[in-house]
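All remarks here apply to the structure that follows.
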Amino acid sequence: MTALTAVSGRRRRADSVARGALMVLTGVALVPLVLVVYYLLKRGLGAISWDFFTTDPTGSFLGNPGGVKSAILGTIEIVALATLIAVPTGVLVALYLVEFGRGKRFGNVVRYFVDVMTGVPSIVFGLFVYIVLVTSSFVGVGFAGWKGAVALALLMLPVVIRSGEVVLLLVPDSLREAALALGAPRWKVAFRVVLPSALPGLITGSLLAVARAAGETAPLLFTSAIVLGTSFNLDGRMNSLPVQIFTDVGQAQDRLVTRAWGAALTLVVLVLLLTLIARLFQRRNRYT
Amino acid sequence: MEAGSLRLPPGGRSLDERSPASRAADPFFRWGLTVLATLVLALIAFFFIFLLSKAHPALSKFGVFGFVFKDNWDVSRNIYEAWSLVVGTIVTSAIALILGVPVAVAAALYVTELCPPRAKGALTILVDLLAAVPSVVYGLWGVFVLIPHLKPAEQWFSDTFAFLPFVGGSVAGPNVFIAGLILAIMILPIVSAISREVILTVPRDHKEAALALGATRWEMLRIAVLPYSRSGIVGASMLGLGRALGETIAVTLVVGNAPNVPHQIFDQGYTLAAVIANEFGEAANNPLHVGALIAAGLVLFVLTLAVNATARAVVNRGLAA
Amino acid sequence: MTDQRISEETVAESPPVQRLGVPEAKPAAREVASEARAVRLESLNAWYGDHHTIKGLSLDFAANRATALIGPSGSGKSTVVRCINRMHEELPAARAEGRVLLDDLDLYDRAVDVTAVRRAIGMVFQKPNPFPTMSIFDNVAAGLRLTSRKVDHEHVEKALHGAGLWEEVKDRLAKPGIGLSGGQQQRLCIARALAVEPEVILMDEPASALDPISTLKIEELVQELKSRVTIIIVTHNMQQAARVADSTAFLLDGELVEVGPTEKIFTNPADERTERYVTGKFG
Chain A
0 MTALTAVSGR
10 RRRADSVARG
20 ALMVLTGVAL
30 VPLVLVVYYL
40 LKRGLGAISW
50 DFFTTDPTGS
60 FLGNPGGVKS
70 AILGTIEIVA
80 LATLIAVPTG
90 VLVALYLVEF
100 GRGKRFGNVV
110 RYFVDVMTGV
120 PSIVFGLFVY
130 IVLVTSSFVG
140 VGFAGWKGAV
150 ALALLMLPVV
160 IRSGEVVLLL
170 VPDSLREAAL
180 ALGAPRWKVA
190 FRVVLPSALP
200 GLITGSLLAV
210 ARAAGETAPL
220 LFTSAIVLGT
230 SFNLDGRMNS
240 LPVQIFTDVG
250 QAQDRLVTRA
260 WGAALTLVVL
270 VLLLTLIARL
280 FQRRNRYT
Chain B
0 MEAGSLRLPP
10 GGRSLDERSP
20 ASRAADPFFR
30 WGLTVLATLV
40 LALIAFFFIF
50 LLSKAHPALS
60 KFGVFGFVFK
70 DNWDVSRNIY
80 EAWSLVVGTI
90 VTSAIALILG
100 VPVAVAAALY
110 VTELCPPRAK
120 GALTILVDLL
130 AAVPSVVYGL
140 WGVFVLIPHL
150 KPAEQWFSDT
160 FAFLPFVGGS
170 VAGPNVFIAG
180 LILAIMILPI
190 VSAISREVIL
200 TVPRDHKEAA
210 LALGATRWEM
220 LRIAVLPYSR
230 SGIVGASMLG
240 LGRALGETIA
250 VTLVVGNAPN
260 VPHQIFDQGY
270 TLAAVIANEF
280 GEAANNPLHV
290 GALIAAGLVL
300 FVLTLAVNAT
310 ARAVVNRGLA
320 A
Chain C
0 MTDQRISEET
10 VAESPPVQRL
20 GVPEAKPAAR
30 EVASEARAVR
40 LESLNAWYGD
50 HHTIKGLSLD
60 FAANRATALI
70 GPSGSGKSTV
80 VRCINRMHEE
90 LPAARAEGRV
100 LLDDLDLYDR
110 AVDVTAVRRA
120 IGMVFQKPNP
130 FPTMSIFDNV
140 AAGLRLTSRK
150 VDHEHVEKAL
160 HGAGLWEEVK
170 DRLAKPGIGL
180 SGGQQQRLCI
190 ARALAVEPEV
200 ILMDEPASAL
210 DPISTLKIEE
220 LVQELKSRVT
230 IIIVTHNMQQ
240 AARVADSTAF
250 LLDGELVEVG
260 PTEKIFTNPA
270 DERTERYVTG
280 KFG
């Protein structure tokens, strides 16, 4: 009977061990996610209540600590403003890179620096805005919600530009050429033809940038700081969820810590929602 | 064909002149966008200059060399020499790499090469979801879950393996190891995602060549996939490093914020980013202190720039290969 | 052995379908040649997802001979060959059933380890694929290193001789494998396959990506190697089949149409479809 040279036990074992190890390590990678979600639910759900969402933090240590209304509203206000600043700017810069900057020296320089910007720690952005806008008398000294929004916008900008560029590049050139051949000027081609067809991808990229900005603490520490009351005045101090959580964690008080867990749960839900919507959008509108 | 090089058809007058007004807007369009892009560049240059100027008081008082390499960060005496911060930054990031990169690459390998196809999508999303958790939430979780729960295990490790360098002694609650561990978790998604991309570029040809020689699955990964992906994975790790270096909030909550060079992994420590977040409030009226914090920010900026620029070059080389 | 050249006149003179003289089999140089084995396919069926690509194919490949598989694109030639060394099942949604016998051992038997099958049956691919991060030496040694840590320099040298590449690379064994020309890379891949001393070598259009001179060198190699190893070669080039193969099988739409001595297939095929294909009426 014909026989083949058998595979040695050593090799077989090495194969099983290696594959097992890879699988186990992948499981290890998921453990933190599970644990974070578990504790968020375990300790955060207890803090959630109607009051939690509708009252402002009172700042008192002994009595009722209050809820996080001003933090939630503040986050919404600041992030909304940051989005208003970052997304149109970012998309326009991405448009520039794709329509006029392909292969050109200047375009490459811009692209390189934008890439570099994605690696800058968020606290450095906060510092920058602090120096330029908060301490200098350029625009009025002091903390302000809108300054926080600027810091977040700086954070979002490189992300929007890079993802926007990728998406705009996917629009086939034949589409552009067809429009141009019909006599349309470049800017019309860009706004009426290219942007609309890239829109779903642009929305996805922007939503992901927003999700990232919503969770940032460091830039806001030096720019919008913290304040207890709900404020709709973007020119003054403004509360935000991440900063509120950060401050509460620093206190030794049980009730504040519980509130911090509840606020963290709220923040994570917000960020996850944005991320999931972005991914769902991406899946439904995939550019084939 | 590049859109930037398209020429309008010459002599196509009748079509071109449909609306002279809108044609005229074209140069403005191009110019407007160029100006915007230039502004972005200028912003970055601005950044650097501003940081430098505000850091100047501290840097000139202690000297750049003194600031970075001497160890004496004493707020009460208004002395700011940041070596302990630099060491803390490097040590926590190193721990993050040691713990995080193997897990991230293993997950990338598993998802792309070994796992059943139906699980691929779910596993990918789950690993990527780690990136969606905000830094402050990791910090919160680190303070109230990781630190108390790991302390006994850390103490056991410290006692059992005291013969190893950097191990041994009493375990502080918040410490450099926990900071490194949380950083490892935070860099996992980015290192894994890029490694995944790199591994996917390995041509099927090479994998088949290995299999056709009678290699087991692991052997195929070892001789055909990993060597090919090596430089890309290194680049991915460097990008992870860049992130770890700059991470502020989670670290400041769990590292202990003690400006001493840690002697063992369970000592308290401090990082450049954490000191900025931590001391900013109290530094407000002290221009030297503020200057020192900004100088720390500058050092951090330069460090992350260097790491990220190198990382990108390495990744691009790895993907293009 | 590379000094043995088919004279140019012979190449020029012979009409396309006439076989050239088969050079004498060289005696095994240093060691006992591994036993070549016969391969038999019995009712082989293969699928890509729902697509039934090989339909109940039965075919014999004689030991120590070269058999060519010809047929138009899509006829399943590559699939058949990939089923023999069980590479077909590596593709997602690919499936194979039936028996593939190496002498009397069914390679699809449950008890058989697929990696052992692939060690005994070597493969050379259409596009040369040396491992890009390895030197010439390491490429040839790759298969050997799987089973033993220390690699005998002699083994590598012997394999390179067997592939007709030794003279050209003996002074630069440490250089990267991808630094070689296309034809040399393919011979390097042949050396790599030879190093583990297989009993059968499968070649899937090994010369289709190469220039004519390299192609000729590969064909010479096939003729030398078949004395030691059973060779199954897929080719879309009928002249090549005529030059190197003892038997030829014609496949159409996943089915075996006709098989026989190469000369007969090309000059006097039994099936009308074979006749139409070899005379170039389709495919």
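Chains A, B and C are the protein sequences, given in the same order. With numbering that gives the first Met the number 0, the residue at position 91 of the first sequence is 90, and numbering never jumps. With numbering that gives the first Met the number 0, the residue at position 32 of the second sequence is 31, and numbering never jumps. With numbering that gives the first Met the number 0, the residue at position 269 of the third sequence is 268, and numbering never jumps. Heads up, the beta-carbon is just placed ideally off N, CA and C, and yes, glycines get one too.
Where does residue i fall in DSSP's three states?
{"i": "glutamate 204/C", "result": "coil"}
{"i": "glycine 163/C", "result": "coil"}
{"i": "methionine 185/B", "result": "helix"}
{"i": "isoleucine 222/B", "result": "helix"}
{"i": "tyrosine 137/B", "result": "helix"}
{"i": "asparagine 236/C", "result": "coil"}
{"i": "aspartate 112/C", "result": "coil"}
{"i": "threonine 287/C", "result": "With chain C running from 0 to 282 in the structure shown, residue 287/C is simply not present."}
{"i": "glycine 99/B", "result": "helix"}
{"i": "glutamate 112/B", "result": "helix"}
{"i": "histidine 262/B", "result": "coil"}
{"i": "isoleucine 193/B", "result": "helix"}
{"i": "threonine 54/A", "result": "coil"}
{"i": "methionine 155/A", "result": "helix"}
{"i": "arginine 171/C", "result": "coil"}
{"i": "arginine 148/C", "result": "coil"}
{"i": "aspartate 105/C", "result": "strand"}
{"i": "glycine 20/C", "result": "The predicted model places glycine 20/C with a pLDDT of 38, which falls under 50 and marks its position as unreliable; any figure quoted below should be read in that light. Of the three classes helix, strand and coil, the one that applies to glycine 20/C here is coil, per DSSP."}
Hey, does residue i have any beta-carbon neighbour from chain C nearer than 8 Å?
{"i": "alanine 211/B", "result": "yes"}
{"i": "alanine 5/A", "result": "yes"}
{"i": "tyrosine 227/B", "result": "yes"}
{"i": "alanine 106/B", "result": "no"}
Under 8 Å, Cβ to Cβ, is there at least one residue of chain A near residue i?
{"i": "valine 123/C", "result": "no"}
{"i": "leucine 182/B", "result": "no"}
{"i": "arginine 118/C", "result": "yes"}
{"i": "aspartate 49/C", "result": "no"}
{"i": "isoleucine 293/B", "result": "yes"}
{"i": "glycine 241/B", "result": "yes"}
Should residue i be labelled buried (16 or more other beta-carbon atoms within 10 Å of its own) or exposed?
{"i": "threonine 303/B", "result": "buried"}
{"i": "glutamate 16/B", "result": "Reliability of the predicted coordinates at glutamate 16/B is poor, the pLDDT of 43 falling under 50, and no value is obtained from them."}
{"i": "alanine 44/B", "result": "exposed"}
{"i": "aspartate 137/C", "result": "buried"}
{"i": "alanine 27/C", "result": "Because alanine 27/C sits at a pLDDT of 39, beneath the cut-off of 50, its placement in the model cannot be relied upon, and the point is left open."}
{"i": "lysine 169/C", "result": "exposed"}
{"i": "glutamate 166/C", "result": "exposed"}
Considering Cα atoms alone, identify which of the options is closest to residue i.
{"i": "leucine 224/C", "options": "Ile200/C, Thr132/C and Ser246/C", "result": "Ile200/C"}
{"i": "glycine 290/B", "options": "Ile275/B, Val301/B and Ile232/B", "result": "Ile275/B"}
{"i": "alanine 28/A", "options": "Gly255/B, Thr123/B and His205/B", "result": "Thr123/B"}
{"i": "glycine 253/C", "options": "Arg81/C, Ala158/C, Ser74/C and Arg118/C", "result": "Ser74/C"}
{"i": "arginine 39/C", "options": "Glu218/C, Ile231/C and Lys280/C", "result": "Ile231/C"}
{"i": "aspartate 266/B", "options": "Ala103/B, Lys150/B and Gly138/B", "result": "Lys150/B"}
{"i": "valine 39/B", "options": "Ala17/A, Val159/A, Glu215/A and Gly73/A", "result": "Val159/A"}
{"i": "leucine 266/A", "options": "Arg211/A, Arg254/A and Phe221/A", "result": "Arg211/A"}
{"i": "leucine 252/B", "options": "Ile264/B, Ile222/B, Arg316/B and Gly268/B", "result": "Gly268/B"}
Does residue i come within less than 8 Å of chain B when only Cβ atoms are used?
{"i": "glutamate 89/C", "result": "yes"}
{"i": "glycine 118/A", "result": "yes"}
{"i": "alanine 45/C", "result": "no"}
{"i": "methionine 202/C", "result": "no"}
{"i": "arginine 283/A", "result": "no"}
{"i": "threonine 214/C", "result": "no"}
{"i": "lysine 126/C", "result": "yes"}
Using the beta-carbon of each residue, which ones in chain F are nearer than 7 Å to residue i?
{"i": "isoleucine 222/B", "result": "Protein chains A, B and C are contained in the structure displayed, whereas chain F is not."}
Cβ contact check for the region 19 to 31 of chain A and the region 107 to 114 of chain B: 3 or more pairs under 8 Å
yes
Three or more C-beta pairs below 8 Å linking the region 106 to 125 of chain C and the region 149 to 163 of chain C:
no
Could you check whether the region 82 to 100 of chain B touches the region 249 to 264 of chain B, counting it as contact only if at least three pairs of C-beta atoms, one from each stretch, sit closer than 8 Å?
yes
Answer yes if the region 257 to 270 of chain A comes into contact with the region 39 to 51 of chain A, meaning at least three C-beta pairs across the two stretches below 8 Å, and no otherwise.
yes
Below 8 Å, how does it come out for the region 236 to 255 of chain A and the region 168 to 187 of chain A: are there three or more Cβ pairs, yes or no?
no
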